[in-house]
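Remarks on the structure that follows.
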Amino acid sequence: MRRIDMIILHCSATKEGQHFTAKDIDYWHRLRGYTMIGYHFVVLLDGRVEEGRPLTMVGAHTYGHNTHSIGVCYIGGLDIDGNAKDTRTVPQRQALEKLIADLQQRFPNATVHKHNEFANKDCPSF
Ligand SMILES: [Zn+2]
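In this note's numbering, the protein residues as written are 68 to 193.
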């Protein structure tokens, strides 16, 4: 396993209430020239957690911080007009909390961050 000391949170930048899955993001990222989905985990509107890129592989989600991090993305992050909004559903919040706790158990040195700490972006909209 590569060294992992950060968990970085993202949103899919899709509109509130719209259901997408890791498979959709995989398709979008391949269109952008990535080998596959750039995130390691995707949290769906109903709280299901899907796996994206294997943890053993370096992700493609946060410029300059991919080699030593895990990328987690929840579906949403925009209101119906396309403005940044924390659209996390209750199941998504619970699932994120559990996923982060599980990952921190596995990688005790990992600290939790938001994409907007490293880029001039709204992501993850909270
Ligand atoms: Zn992001």
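Backbone N, C-alpha and C fix where the C-beta goes; we use that ideal spot for every residue, glycine too.
The structure displayed is predicted, hence computed values, not measured ones.
Nonlocal neighbours in the same chain, by C-beta distance under 6 Å from residue i, ignoring five residues either side
i	result
residue 156	112
residue 180	73, 75
Closer than 7 Å: residue i CB and nearest ligand 1 heavy atom
i	result
residue 82	no
Endpoints, the alpha helix (DSSP H) within which residue i is located
i	result
residue 90	89-98
residue 163	157-173
Residue j beta carbon less than 8 Å from that of residue i
i	j	result
residue 78	residue 158	no
residue 105	residue 132	no
residue 110	residue 151	no
Close Cβ partners of residue i (< 7 Å) along its chain, the five nearest in sequence each way excluded
i	result
residue 175	none
residue 87	79, 81, 142
Limits of the beta strand (DSSP E) - the one that residue i falls within
i	result
residue 125	Where residue 125 is concerned, there is no enclosing beta strand (DSSP E), given that its DSSP letter is neither H nor E.
residue 178	178-181
residue 76	73-78
residue 190	Where residue 190 is concerned, there is no enclosing beta strand (DSSP E), given that its DSSP letter is neither H nor E.
residue 119	No beta strand (DSSP E) contains residue 119, which DSSP labels as neither H nor E.
Cβ neighbours of residue i in the same chain (closer than 8 Å, five flanking residues each side left out)
i	result
residue 178	72, 73, 74
residue 171	74, 177, 179
residue 135	69, 70, 71, 72, 73
residue 183	189, 190, 191
key: Inter-stretch contact at 8 Å, needing at least 3 Cβ pairs: the stretch 69-89 / the stretch 138-151   = yes
task = Could you name the residues whose beta carbon sits closer than 5 Å to any heavy atom belonging to ligand 2, keeping them in chain order?
result = As far as ligands go, the structure on display features ligand 1 and does not contain ligand 2.
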